[in-house]
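Residue numbers (the numbering used here), protein chains in the order written: chain A, 5 to 409; chain B, 5 to 409.
Quick reminder that beta carbons are idealized off the backbone N, C-alpha and C, glycines included.
There are 2 protein chains.
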Amino acid sequence: MLVVKKFGGTSVADKERIFNVARRCMEEYKKGNDVVVVLSAMGKQTDVLLAQAREINPNPPKREVDMLLTTGEQISVALMAMALDSLGVPAVSLNAFQVPMRTTSNYGNARLKDISTERIRNELESRRIVLITGFQGVNKFDDYTTLGRGGSDTTAVALAAALHADICEIYTDVDGIFTADPRIVKTARKLSEITYDEMLDLASLGAGVLHNRSVEMAKKYGVKLVVRSSLNTKEGTLVKEDVTVEQMLITGVACDKNTARIAVIGLEDRPGVAFKLFNHLARHNINVDIILQSVGREGTKDISFTVAEDEVDEAVAILNRHRATSVKCEEINVDRHVAKVSIVGAGMMSNPGVAAKMFEALADVGVNIKMISTSEIRVTVLVDESSVERAMNAVHDKFALGVTG
Amino acid sequence: MLVVKKFGGTSVADKERIFNVARRCMEEYKKGNDVVVVLSAMGKQTDVLLAQAREINPNPPKREVDMLLTTGEQISVALMAMALDSLGVPAVSLNAFQVPMRTTSNYGNARLKDISTERIRNELESRRIVLITGFQGVNKFDDYTTLGRGGSDTTAVALAAALHADICEIYTDVDGIFTADPRIVKTARKLSEITYDEMLDLASLGAGVLHNRSVEMAKKYGVKLVVRSSLNTKEGTLVKEDVTVEQMLITGVACDKNTARIAVIGLEDRPGVAFKLFNHLARHNINVDIILQSVGREGTKDISFTVAEDEVDEAVAILNRHRATSVKCEEINVDRHVAKVSIVGAGMMSNPGVAAKMFEALADVGVNIKMISTSEIRVTVLVDESSVERAMNAVHDKFALGVTG
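Now the structure itself:
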């Protein structure tokens, strides 16, 4: 069996944790399995390097930032190889040049294009554990690139796909995927299985265990993913195409506090106004999420939408620049104290009453809904940030997620 | 003009020094010259990484040590590129894979075999300063190697040779090559020129500004070397084949305190005894320097020799292991409080009285000579460590080295 394991930065933050990971890899190896391990940079190393860069140049060239950051994972894999050696397990570390791992050319946010498997297979055949730098690649200019947020997860899934691995294990500091954040909903329960699509909706909604790009890639290539803890040996959650256990109506409740609402009041009510507004934002790469349009006072309309909280100032600045021309309006309001609460579940596709049931749960505990957005397997509502906890618990209870299905 | 500049770890130890180097490179660039810069790892970074490795594995695999250490120079070149960018100077950093810089396969002490110049030339033609990681290479397995002590100097000289550079400048924390160590001999004078051979003898005698390997390579390929300070703009010392200024009798006085004398007393006086003794040491890679053999008490002989101080314990242990068999002797004595004092100069070849003049100088100040060793352009004496300062000053004065020739 060929197993790809991915450990994040906190799992390799110090000597003790490095040996903890090394022992887990050794156990897998001693079962006779082929083991490929993807590692992130140690602890806060990436942040330390970035701070060093900004001290020298507040706006450092992206190519050189990637050249700098890729040293982080290289240190991790080299030290892990030394730890395995001291346990008597043969291992070899490889960086993006050595695999090689080819990406698109854009620095800081490259996409994996092609992974050569020859060297990795040769090392596995020599019965070595192969340790590979996550998050990094090499572009057509033979320059280092990095994969952006969630990059090491993507490296692991891409390697699992390229090597036709039997399983890709993503180790994290939680036991798996839960029906809700256990810190907010005490009755939250770990799921044993979940579909790729549900996982995608959960990730984009702020559940934050796996990055969307890695789940999308896993879905595309049918990579069997497991999310599990690096701190214990509990089974974790299996992410795959179809779940075999009885399909529940909904799978989980997620929240995302990194959101803010912008209301543009009193826009002219004529064709093209909405297009122009959102086009200005798109040109500056500002992602707009839920959109609500309503009729305003005579001859005008109001448009509300949500953006990530750290982009709200820029979004408002952009709109203000165009208020005299293409975005004529009476006022622009911002509400930062909002949060998204969502329910996700493949089961709701064939069950039209789900949204209503969610709204009922919220009404029962007096939570006011500010905006609504739905997809085939998801219902999202925007609520006041202060009522998130109440909202999540109410919805979680309503759908009896704490009870094993 | 194409200029290769090499800066060591202390020259890039912090933000201020990085900018100091960046500004010097910018000045060269603004003259219209092509500039290639070789950098070492920042400050004590290499030692920090080695300590981290040993904490995990007291005897780490050499391949992985090189994988670890090469991150140090990569950080230096990336940060330097950012510094130059902030000064408005286009620059690009390259590691050993990107050049590529091919070496022999032995980790920790590889030798450069082949440097591709295509990418460097392309970057220079685009009017970029090219920043290259010193000390590192890639072997035939596509693994990182490091070049051992003085590695970054060697990288710089090899690049200068491969690129047919007009000059290779080695920046250090002293103003150039001196007639003696200015900390010991107050009247020591900076040399404006010196030959490769003199430099080789000075380096091996503990003057320690340039490593022998880099000087040997410079001599082999006729690379014009300049040793100068990174702290000021003084001219430095030019190292080349023939010096054009009037040839002095001797060029400099050097001392080396990292030495110890081992005396093997009462060896059997028959053929092969010396061979066996030194063969044991050679097998363990222990370098023996000055050797003195004298007739001992009836039917025996004594052999004394010097080794580096940090190898003396191992050397004695090796000899003791063989005392019952091939190295039968009465006793083995060690004297750690000795030092070598040497005079070097191409001018002494045609001047037989030089050694005698040195001995006279030492006798004048009451310094006892324990051993003597000579080559065509060098005389070395072993003296008591406590008399080094007196010995060097006496010799320096005798040959009037403080007076400009």
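- Relative to residue 276(A), the option among 76(A), 262(A), 344(A) and 305(A) whose CA is nearest is 305(A).
- In the assembly as shown, residue 219(A) is a buried residue. Its beta-carbon has 16 or more other beta-carbons within 10 Å.
- For the pair residue 392(B) and residue 258(B), the Cα-to-Cα distance works out to about 10 Å.
- Residue pairing by DSSP places residue 337(A) opposite 267(A) in a beta bridge.
- Nearest neighbour of residue 118(B) by Cα position, chosen from 344(B), 57(B) and 103(B), turns out to be 103(B).
- In the three-state reduction of the DSSP assignment, residue 197(A) falls in the strand class.
- Per DSSP, the continuous alpha helix (DSSP H) segment holding residue 77(A) begins and ends at 66-90.
- About 5 Å separates the CB atoms of residue 297(A) and residue 307(A); that is less than 8 Å, so the two are in contact.
- Nearest CB-CB separation between residue 87(B) and chain A: below the 8 Å threshold.
- Annotated three-state conformation of residue 111(B) is coil, per DSSP.
- Think of a sphere of 7 Å around the beta carbon of residue 97(A): the chain B residues whose beta carbon falls inside it are 68 and 71, in chain order.
- Going by C-alpha positions, residue 373(A) is about 10 Å away from residue 343(A).
- Cβ-Cβ distances below 7 Å link residue 21(B) to 15 in the same chain, with the five nearest sequence neighbours on each side left out; the list follows chain order.
- With respect to chain B, the C-beta atom of residue 79(A) has a partner C-beta closer than 8 Å.
- Residue 11(A) carries a strand assignment under DSSP once its states are collapsed to helix, strand and coil.
- Note on residue 341(A): under 16 other CB atoms within 10 angstroms of its CB, so exposed under the neighbour-count rule.
- Between the segment 253-271 of chain A and the segment 313-329 of chain A there are three or more C-beta pairs closer than 8 Å, enough to call the two in contact.
- The C-beta separation of residue 141(B) from residue 105(B) comes to about 5 Å, placing the pair in contact by the 8 Å criterion.
- Contacts with chain A at 8 Å (Cβ-Cβ) include residue 60(B).
- Here residue 112(A) has 66, 69, 70, 150 and 152 as same chain residues with Cβ atoms under 7 Å from its own Cβ, once five neighbours each way along the sequence are excluded.
- Going by C-alpha positions, residue 232(A) is about 33 Å away from residue 52(B).
- Here residue 332(A) is not near residue 365(A), since their CB atoms are 8 Å or more apart.
- Listed along chain A, no residue sits closer than 9 Å to residue 182(B) by beta-carbon distance, the nearest being about 34 Å off.
- Using a C-beta cut-off of 8 Å, the segment 129-136 of chain A makes contact with the segment 80-99 of chain A, since at least three inter-stretch Cβ pairs fall below that distance.
- Residue 325(A) sits in a helix when the DSSP states are folded into three classes.
- Of all residues in the segment 101-123 of chain A, only 101, 102 and 123 come within less than 8 Å of chain B when Cβ atoms are compared, listed by chain position.
- Spanning the alpha carbons of residue 376(B) and residue 204(B) requires a straight line of approximately 19 Å.
- Annotation: residue 44(B) to residue 228(B) spans about 21 Å, alpha carbon to alpha carbon.
- Contact note: residue 19(A) reaches chain B through 56, 59 and 60, using a C-beta cutoff of 9 Å and chain order.
- Residue environment: residue 217(B) is assigned as buried (16 or more neighbouring CB atoms within 10 Å of its CB, all protein chains considered).
- With a threshold of 8 Å between beta carbons, residue 83(B) makes contact with chain A.
- About 6 Å separates the CB atoms of residue 359(A) and residue 378(A); that is less than 8 Å, so the two are in contact.
- In terms of Cβ geometry, residue 242(A) and residue 197(A) form a close pair [threshold 8 Å].
- The beta carbon of residue 337(A) is closer than 6 Å to those of 267 in its chain, skipping five residues each way along the sequence.
- If you ignore the 5 residues before and after residue 74(B), its C-beta comes within less than 6 Å of the C-beta of 140 and 148, all in its own chain and listed in chain order.
- For residue 356(A), the closest Cβ of chain B is not nearer than 8 Å.
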